[in-house]
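Chains as they are written, first to last, in my numbering: chain A, 10 to 125; chain B, 10 to 118. From the three backbone atoms N, C-alpha and C, an ideal C-beta is built for every residue, glycine too. On a predicted model such as this, the values are computed, not experimentally measured, just so you know. Okay, structure first, notes after.
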Amino acid sequence: DTGVSQDPRHKITKRGQNVTFRCDPISEHNRLYWYRQTLGQGPEFLTYFQNEAQLEKSRLLSDRFSAERPKGSFSTLEIQRTEQGDSAMYLCASSLAPSGSNNEQFFGPGTRLTVL
Amino acid sequence: QKEVEQNSGPLSVPEGAIASLNCTYSDRGSQSFFWYRQYSGKSPELIMFIYSNGDKEDGRFTAQLNKASQYVSLLIRDSQPSDSATYLCAVRGTYKYIFGTGTRLKVLA
């Protein structure tokens, strides 16, 4: 296992379409995070899973966004009825629940979404 | 007040010099502090983390933490043109990581 992977790496869609992104975390990591990043900004927290439980979802996230991590392994992020303002890099990251110093968070390569 | 603040830069330093990047945070309950490097169009890459007050060195990088002043810094010694990137400061509370907007560093050859 070489790290966090995300698929697809790029997605171009038309406004109003639904899109789904996948994230495979580092295999022993039980925490998984989704972030959104736009140009000139840092990653913005979207949601967080510990194992299969979604423990927090950003209040900034509309009901069009949903995420799942059904078996505590990979996760999907779905955006329904996409809008141009959804265009961004969507980043997935994983970490171990803190145990000593083992809570470093590692990012995948990201999925760049362009909504036309 | 933003939760994690960084000067957006750009910070320009000559090759071989020390680059000093700074970050302040607002939540006194923050437990862990991270520095990520991000090249244009790429995802953030973890380069340093620190949990205790003081300095932590790793190669050319030194992270400094002062919890009383709510201040974290990153020093890059012998800066190289390949260090040119955006450096993101991240702060973790119980489980959530909050990122600053990043400081863009330019190392001039």
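Could you tell me whether the region 23-40 of chain B touches the region 78-87 of chain B, using the rule of 3 or more Cβ pairs below 8 Å? yes
Output the boundary residues of the beta strand (DSSP E) element that contains A:Q15. For the purposes of this step, residue 15 of chain A is taken as the residue at position 6 of the first sequence. Where A:Q15 is concerned, the enclosing beta strand (DSSP E) stretches over S14 to D16.
Pairwise C-alpha distance: A:Q46 and A:T123: Taking the first sequence and counting its residues from 1, the one referred to as residue 123 of chain A is at position 114. Taking the first sequence and counting its residues from 1, the one referred to as residue 46 of chain A is at position 37. Whole-angstrom Cα-Cα distance: 13 Å.
Give the DSSP bridge partners of A:H19, in chain order. Position 10 of the first sequence, counting from 1, holds the residue named residue 19 of chain A. In DSSP, A:H19 forms a bridge with A:R121.
Quick check: the Cα distance between B:Q89 and A:Q59, rounded to an integer number of angstroms? Here residue 89 of chain B refers to the residue found at position 80 when the second sequence is read from its first residue. Here residue 59 of chain A refers to the residue found at position 50 when the first sequence is read from its first residue. Each residue's Cα considered, the two are about 39 Å apart.
Between the region 58-71 of chain B and the region 67-85 of chain A, are three or more C-beta pairs nearer than 8 Å? no
Candidates B:K51, B:M57, B:I107 and B:S29: which alpha carbon is nearest B:K115's? Sequence index remark: in the second sequence, residue 115 of chain B carries index 106 (1-based). Checking every option, the nearest Cα to that of B:K115 belongs to B:S29.
Does the Cβ of A:F15 have 16 or more other Cβ atoms within 10 Å, making it buried, or fewer, making it exposed? Along the first sequence, read from residue 1 onward, the residue named residue 15 of chain A stands at position 6. A small fix is needed here, since residue 15 of chain A is Gln in this sequence, not Phe. A:Q15 should be labelled buried.
Cβ shell of A:D95 (< 7 Å), same chain only, five flanking positions each side left out: The count along the first sequence starts at 1 and reaches residue 95 of chain A at position 86. The answer, listed in chain order, is I88, L122 and V124.
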